[in-house]
Amino acid sequence: MIVPITAENELLLVREYCAGTHDYQLGFPKGLIDPGETPIEAGNRELKEEVGFGANKFVDLKTVSLAPSYFKAHMHILFAKDLYPERLEGDEPEPLVVVKWPLDDWQSLLDQSDFTEARSVAALLLLQQHLLKEV
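UniProt numbering puts the sequence shown at residues 1 to 135.
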């Protein structure tokens, strides 16, 4: 999962259809790591496919487990900055809607009824923790 921030201090999110809940959800770009890719290479590819930007700088915020009692799956949460426009063709079944959200207004994002996916919520909070350490 990638948490991208533009030069204008905006978070880039995607609104996409989620088959499991049969509704549209707002969240951060994400995807699988292809064979031979590093998490950062995969993150940059997913950024280009989902939001039309690449990043020159990545910070590995945390690697989290997903239901470790049932699965061995892990997810890398990356902070992406120093963005540049570049689009790659993705494999999404329908077009994603890119939503820009002011970073200064991050707390109201938590109040959005369509921002409920736990990985995105965790990613947002990890980003805030990281940014506080930078100050």
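Note that the Cβ used here is the ideal one computed from N, Cα and C, for glycine as well.
{"Query": "Cβ separation of L47 and P4, assumed to be a contact under 8 Å, to the nearest whole Å", "Result": "6 Å"}
{"Query": "Run of the beta strand (DSSP E) containing S69, from where it starts to where it stops", "Result": "S69 -> no beta strand (DSSP E), and no H or E assigned at all."}
{"Query": "Residue closest to M1, alpha-carbon to alpha-carbon, out of P29, E89, E10, E94", "Result": "P29"}
{"Query": "Counted within 10 angstroms of its Cβ, other Cβ atoms place residue 141 as buried (16 or more) or exposed", "Result": "No information on residue 141 is available, as it lies outside the stretch 1 to 135 that the chain covers here."}
{"Query": "Residue burial classification, H74 (beta-carbon count within 10 angstroms, cutoff 16)", "Result": "exposed"}
{"Query": "Sequence-distant residues of its chain with Cβ nearer than 7 Å to E50 (five each side left out)", "Result": "V14, P29, G90, L96"}
{"Query": "Under the three-state DSSP convention, the category H22 falls into", "Result": "coil"}
{"Query": "Three-state secondary structure assigned by DSSP to I77", "Result": "strand"}
{"Query": "Test item: CB-CB of V98 and L12 under 8 Å", "Result": "yes"}
{"Query": "Short Cβ contact (8 Å threshold) for F53 with I40", "Result": "no"}
{"Query": "Opposing strand residues paired with W101 [DSSP bridges]", "Result": "L11"}
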